[in-house]
Amino acid sequence: MALGLAAKKEIVAEVSEVASQALSVAVAEYRGMEVAELTDLRVKAREQGVYLKVIRNTLAKRALEGSKFEDMDSALTGPLIYGFSIEAPGGAARLFKDFGKTNDKLQVTALSIGNGLMGPEKLDAVASLPTRDEALAKLLATFKAPVGKFVQTINEVPTKFVRVLAAIKDEK
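First residue of the sequence shown: 2, per this note's numbering; consecutive thereafter.
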């Protein structure tokens with residue numbers, strides 16, 4: 002079914018808005034997938050905070066113009082499904098990677114985390130990026146030992162100070 006100009010503009014505006022908020026984007030060929038499989042992929046995407054959209058590549062190119070993902074222009078060929086990670090930088094890549102384990106028809110063709118186009122060989126690296134909560138937990142874990150030592154030192158200072166004052170008092 003042919004889209005009118007108004008519908009095309011609406012799609013471009015919607016995808017452009019999503020791209021401006023997204024942390025990363027992954028595109029994959031879905032050639033040969035059945036409707037039930039795509040529906041299953043969409044359900045999993047909603048659960049993981051990933052925005053999925055099948056749109057014409059020419060409309061996607063227009064939607065990504067001026068965004069941090071405009072470098073994907075050269076990779077937008079063939080029947081593609083676009084996954085925008087909204088909540089975690091590796092969300093779309095993780096979704097496609099996990100779904101690809103049970104469905105070999107979904108083939109990732111390109112990825113971007115906003116600083117350059119990456120090929121499908123980087124799927125594992127992008128998929129392993131931590132979520133916000135995981136990153137904060139790792140950060141806190143690195144501070145645990147130094148902060149613990151600092152707190153222990155602060156707790157010991159009054160005791161040592163009292164001892165020093167008592168020693169000074171005894172000397173008088």
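Ideal Cβ positions, reconstructed from N, Cα and C, are used throughout, including at glycine. None of these values were measured; they are calculated from a predicted model.
Practice item. Can you have a look at A175 and say buried or exposed, based on whether 16 or more other CB atoms are within 10 angstroms of its CB? Key: Lying before the first or after the last residue shown, residue 175 is absent from the chain, which here runs from 2 to 173.
Point to revise | Exposure label - G92; buried when at least 16 CB within 10 Å | key: buried
Practice item. Just tell me which of L140, T143 and E122 has its CA closest to the CA of A29. Key: Comparing Cα positions, the closest option is E122.
Practice item. Determine contact between the segment 34–51 and the segment 10–22, defined as no fewer than three beta-carbon pairs at a distance below 8 Å. Key: no
Review point. Bridge partners of F97, per DSSP?
Key: DSSP lists no partner for F97.
Check your understanding: For A128, does the count of other Cβ atoms within 10 angstroms reach 16, so buried, or fall short, so exposed?
Key -> Result: buried.
Point to revise | The alpha helix (DSSP H) enclosing E38, as first and last residue numbers | key: V36 to Q49
Point to revise | N-terminal and C-terminal residue of the alpha helix (DSSP H) that T59 is part of | key: Taken as a continuous stretch (DSSP letters only), the alpha helix (DSSP H) holding T59 covers N58 to L65.
Practice item. Would you mind giving the Cβ-Cβ distance between A27 and G101, rounded to the nearest angstrom? I have them listed as a contact below 8 Å. Key: With a Cβ gap of about 11 Å, A27 and G101 do not count as contacting.
Exercise for review: Look up G84 in the DSSP assignment and give the residues it is bridged to.
Suggested key: A27 and L53
Exercise for review: Taking 8 Å as the cut-off, decide whether the C-beta atoms of D74 and K62 are in contact.
Suggested key: yes
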